[in-house]
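In this note's numbering, the protein residues as written are -12 to 300.
Glycine included, C-beta positions come from ideal geometry on N, C-alpha and C.
Take a look at the structure below.
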Amino acid sequence: MTKLRVVLMGTTDFAVPALNKLVEAGHDVAAVVAQPDRPNQRGKKIKFLPVKQRALELGIPVLQPEKIKTPEAVEALRSLKADVFVVAAYGQILSEEILFMPPLGSVNIHGSLLPKYRGAAPVHHAILDGETESGVTIMKMDIGMDTGDMLAKVSVPIDAKTTVGFLHDLLAEKGAELLIITLESLKNGTAVPEKQDEAQATYADKVEKTTGKLDWNQTSFKILRRINGTDPFPGAYTELNGEKIKCFEPESLDYSGEELPGTVLRADTKHGLVVKTGDGALVVGEIQMPGKKRMPSKVYFNGNSIAPGSRFE
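Below you can see the structure in the form of structure tokens.
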């Protein structure tokens, strides 16, 4: 294994497995570059970002420029004399000067099978769109949005149980493993870059809280994917009497009744929460009521109730 001097740019926990693998492989991680720390949701306590926390545990310096393109940030990167920049869910756009600063350039760990799902939320959208597979691509970065040449790919299946949280963590691990192999091929000159087919390109825009709003008129399949494609963030939700109820762990159920979509068919400790959909029914295995923790619906109905015949909005 050829030892390289690497700068890792990442902010979320998606970058943590890559950092771990780089260190395990014996590469010299000169620094981790992350977004500045932000207050938590209540705007009070500052919480360290996952990749920053891990870097500090490993004794690796952390840089957190407010804007990566400032002259000061650029010079700080240049002073690190890295062989390659590795980017994994960093969250800022790199200038051309930065991209091509290291001798081996910059590579990105992207959570999709490019050219599909370029952009901010590829993991969410692969599930939301009903894809049967996803994957991770190691890409040589250029000045476009996820348009660079592909260096390596690995695919994974998506099924009726696959959530964003599960797929995110799986792709982070797969991407980290693939990164080490790809860096070796780059250094040895054996990497074979592959152009992306622009005709096949799709984009995965950032998800909003409203992405999780359920429409019970849709098919069970689409509702199931809406729930899984927003679990754990931003969370799928429905409304009853003006209250938002978050829904998780869905399972399709054959049902041919004539109730209106959104009607509660069952709400008890034996069946959990069963709701009429546009073409059948859906069992909601876990729910989260306002101000409460997420819990199995069967457990919730041991002491609480939703009247069968009620209709979700």
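Proximity of residue i and residue j at Cβ, strictly below 8 Å
i           : j           : result
residue 88  : residue 64  : yes
residue 91  : residue 174 : yes
residue 103 : residue 189 : yes
residue 21  : residue 49  : yes
residue 248 : residue 229 : no
residue 221 : residue 194 : yes
residue 76  : residue -1  : yes
residue 5   : residue 108 : no
residue 289 : residue 250 : no
residue 191 : residue 106 : yes
residue 239 : residue 211 : yes
residue 113 : residue 1   : no
residue 41  : residue 15  : no
residue 110 : residue 151 : yes
residue 303 : residue 299 : Residue 303 falls outside the range modelled here, since the chain spans only -12 to 300, and no answer is possible.
residue 168 : residue 139 : yes
Opposing strand residues paired with residue i [DSSP bridges]
i           : result
residue 95  : 74, 126
residue 274 : 234, 282
residue -3  : 75
residue 260 : 254, 271
residue 135 : Answer by DSSP bridge pairing: none, since residue 135 is not bridged.
residue 190 : 105
residue -8  : 15
residue 224 : 200, 233
residue 66  : Paired residue(s): none; residue 66 is not in a bridge.
residue 121 : 143
residue 239 : 269
residue 53  : None, per the DSSP bridge assignment.
residue 20  : -4, 50
residue 298 : 250
Where residue i falls, given that 16 or more other Cβ within 10 Å makes a residue buried
i           : result
residue 183 : buried
residue 45  : exposed
residue 54  : exposed
residue 291 : exposed
residue 218 : buried
residue 179 : exposed
residue 286 : exposed
residue 294 : exposed
residue 26  : exposed
residue 39  : buried
residue 43  : exposed
residue 80  : exposed
residue 57  : exposed
residue 98  : buried
residue 207 : buried
residue 147 : exposed
residue 244 : exposed
Residue i beta carbon near the ligand SAH (any heavy atom closer than 7 Å)
i          : result
residue 24 : This structure simply doesn't include the ligand SAH, nor any ligand for that matter.
Contact belief for residue i with residue j at Cβ below 8 Å, rounded distance in angstroms
i           : j           : result
residue 275 : residue 233 : 4 Å
residue 227 : residue 297 : 6 Å
residue 124 : residue 154 : That pair is no contact at about 14 Å.
residue 267 : residue 242 : 5 Å
residue 36  : residue 24  : 6 Å
residue 145 : residue 177 : Their Cβ separation, rounded to whole angstroms, is 31 Å, which puts residue 145 and residue 177 out of contact at 8 Å.
residue 141 : residue 157 : That belief does not hold up - the Cβ atoms of residue 141 and residue 157 are roughly 10 Å apart, past 8 Å.
Touch check for the stretch 78 to 87 and the stretch 119 to 135: three-plus C-beta pairs under 8 Å?
yes
Decide yes or no for the touch test of the stretch 66 to 85 against the stretch 134 to 143: beta carbon pairs closer than 8 Å, at least 3 of them.
With the cut-off at 8 Å, the stretch 66 to 85 and the stretch 134 to 143 do not touch.
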